[in-house]
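**Student:**
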Amino acid sequence: MAKATFTPQNQQTESFRLLSGHTIPAVGLGTWKSGSEANNAVCTAIVEAGYRHVDTAADYGIQEEVERALKAAMHAGVERKDLFVTSKIWCTDLAPERIHWSFRLKDGASRPPKAGEVLEFDMEGVWREMERLVEDNLVRDIGICNYTVKKLHRLLTFAQTTLSFCQMEMHPGRRNDKMLEACKKNGIHVTAYSPLGSGSRDLIHHPTVEKIANKLNKTPAQILVKWALQRGTSVIPKSTHPRQDQGEHTSVWVGNSKGRLPNTIQYPRSETSV
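Using our numbering, you'd call the opening residue of the sequence shown number 987 and step up by one each time.
1. Determine the contact status of ALA1199 and ILE1190, defining contact as a CB-CB distance below 7 Å.
2. Per the DSSP calculation, GLN1153 is bridged to which residue(s)?
3. Do the CB positions of GLY1016 and ILE1222 come within less than 7 Å of each other?
4. Which term fits GLY1185, buried or exposed, when burial requires 16 or more other beta carbons within 10 angstroms of its beta carbon?
5. Short check: CB of VAL1040 to CB of VAL1013, under 7 Å?
6. Helix, strand or coil, according to DSSP, for LYS1201 in the structure here?
7. DSSP on LEU1119, reduced to helix/strand/coil?
8. Where in the segment 989-1071 do unbroken runs of the beta strand (DSSP E), each at least 3 residues long, occur, reported from the N-terminal end onward?
9. Quick one, are the C-beta atoms of ALA1168 and LEU1142 less than 7 Å apart?
10. How should ARG1097 be labelled, buried or exposed, when 16 other C-beta atoms within 10 angstroms of its C-beta is the threshold for buried?
11. If you measure between the beta carbons of GLU1155 and SER1180, is that distance less than 7 Å?
12. By DSSP, does ILE1075 sit in helix, in strand, or in coil?
13. VAL1064: which of CYS1029, GLN1146, LYS1171, ALA1043 sits nearest, CA to CA?
14. If you measure between the beta carbons of SER1006 and SER1220, is that distance less than 7 Å?
15. Which one or two residues does DSSP pair with ILE1222 in a beta bridge?
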């Protein structure tokens, strides 16, 4: 399991060391549904709020905005080597001959398939091409997103390049305990997206979260981020006000690094995903 350390470039930014030897910031910026605000939000997050991890994907349709934001941040003095940028390959590109498109400025964007339209894909062939991206120095680390334990075990039987991390939805209403444990056993770092809840799971206003937040004199967002971090996962909460939210997300664990939440935050069974 990756252990949290403090990065030298920012004493208030924790990071996790990956199996590859690289580090990933504990708190990153999610850009899903950022739309036209992505450019300003990402640049502000990096330059003013101190974020060093930005999560995006070709399917979000904002990679050009993110690119402009990264260039602006580097023009402002931020070094590229200090930035951890995550992108993802959409289901419709899961074929060996299409893997490189997302990293070679593919024109256009695929539409998300409807439920039931995602077919089995050549997992080994796709992974081999992703490994080539590492060999060609186009990316530093490769990983998976929204995988099952069964598919993870299958991937590990033929993966030659280190599987650095796994990204999945994770919060008290969707714990994903089995997948988290499988990753820990294999030294794979986990990044939790939607750590503040998603859809009908409005955890920010959940009575349990509010009760703990009031008791500790913290905000619900701080409690939810802390819950994820103390499980050993990094987080990528989405924000269009990163300068304000960076302090809210981090002060609970930077300002009181020894403080811990209860091991579990209990929810009615109907609120927990099967």
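Where is the CB? At the ideal position from N, CA and C, for every residue including glycine.
It should be emphasised that the depicted structure is a prediction, and the values quoted were computed from it without experimental measurement.
**Tutor:** Well, looking at it:
1. no
2. CYS1131, THR1177
3. yes
4. exposed
5. no
6. helix
7. helix
8. 990-992, 1000-1003, 1009-1011, 1039-1041
9. no
10. Any reading at ARG1097 needs caution, since the residue's pLDDT is 49, under 50, leaving its predicted position unreliable; the model's value is listed next. With fewer than 16 other Cβ atoms within 10 Å, it is exposed.
11. yes
12. coil
13. CYS1029
14. no
15. TYR1179
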